[in-house]
Amino acid sequence: MRRLGLPLAALLLGYILCVNLAVAQLGGDPHPVSTRHLPEKSRALSHFALHCLGHVVHWHHGRGTEAAAQAARRHRVPEALFLAIARVESSFDPHAVSRTGAMGVMQLMPATAAGYGARDPFDPEDNVDAAGRYLRELLSRYRGDWSRTAAAYNAGPGRVSVTGSSRLPAETRTYVARVLRLSRASRR
Numbered sequence: 461m462r463r464l465g466l467p468l469a470a471l472l473l474g475y476i477l478c479v480n481l482a483v484a485q486l487g488g489d490p491h492p493v494s495t496r497h498l499p500e501k502s503r504a505l506s507h508f509a510l511h512c513l514g515h516v517v518h519w520h521h522g523r524g525t526e527a528a529a530q531a532a533r534r535h536r537v538p539e540a541l542f543l544a545i546a547r548v549e550s551s552f553d554p555h556a557v558s559r560t561g562a563m564g565v566m567q568l569m570p571a572t573a574a575g576y577g578a579r580d581p582f583d584p585e586d587n588v589d590a591a592g593r594y595l596r597e598l599l600s601r602y603r604g605d606w607s608r609t610a611a612a613y614n615a616g617p618g619r620v621s622v623t624g625s626s627r628l629p630a631e632t633r634t635y636v637a638r639v640l641r642l643s644r645a646s647r648r
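Residues 461 to 648 in my numbering are what the sequence shown spells out, letter by letter.
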């Protein structure tokens, strides 16, 4: 195996630092030299750059709530659940990027965004529409169980069983509790 020359190693380290610092600036919290999720973070940042070059979206909470509510109705997802997930994921911030590379209002991973039709994951309408399709699929898979649906949205459907109980990370259990608490509060 060839050893990397010093200039190439410095360039690679510079790239890793730049990606992680850019994600941190957009709201994620990666360690500056972390290589975890580097491809996803790079794709998220390239989507963000293309979005910014294409147009500037003026977005505020009221408009975000309405767009999310419309997507929920369009895809037959309970509005309280949809809005709670949007609030927990990004507080309706269309430019949010997580430490793992999730993007936009509903914090879609690049592959999920593309798979559910979001051409521009930082465009709020594209993002909430793709998330609506995804949530509809998860609700069907988990027979309308909001807890399992929220857990699968956070941890991925491969980590949540369709029937019995699942061993989920503490972060996901906390996430589900927050989503359920917010959704109950909005239904009152």
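Using N, Cα and C, we set each Cβ at its ideal position, and we do this for glycine too.
Opposing strand residues paired with residue i [DSSP bridges]
| i | result |
| --- | --- |
| residue 568 | 563 |
| residue 557 | 563 |
DSSP three-state assignment for residue i, whether helix, strand or coil
| i | result |
| --- | --- |
| residue 517 | With a pLDDT of 47 at residue 517, under the threshold of 50, the predicted position of this residue should be treated as unreliable, though the coordinate-derived value follows. Coil. |
| residue 616 | coil |
| residue 461 | Because residue 461 carries a pLDDT of 43, less than 50, the predicted location of this residue cannot be relied on, and no value is offered for it. |
| residue 589 | helix |
| residue 706 | Summary: the structure shown does not reach residue 706, with the chain confined to residues 461 through 648, and so no result is reported for it. |
| residue 632 | helix |
| residue 578 | coil |
| residue 608 | helix |
| residue 602 | coil |
| residue 638 | helix |
| residue 494 | coil |
| residue 627 | coil |
| residue 621 | coil |
| residue 645 | helix |
The ligand HEM heavy atom lying under 7 Å from the CB of residue i
| i | result |
| --- | --- |
| residue 538 | In terms of ligand content, the structure shown is empty, and the ligand HEM therefore cannot be addressed. |
Taking contact to mean at least 3 C-beta pairs separated by less than 8 Å, is the segment 583-600 in contact with the segment 524-533?
yes
Quick check: the segment 628-641 against the segment 609-617, are there 3 or more CB pairs under 8 Å?
yes
Continuous alpha helix (DSSP H) assignments of at least 4 residues falling wholly in the segment 518-555
521-534, 539-550
Are the segment 544-556 and the segment 498-505 in contact at 8 Å, needing three or more beta carbon pairs?
no
Any contact between the segment 587-606 and the segment 561-577? By contact I mean 3 or more CB pairs, one from each, below 8 Å.
yes
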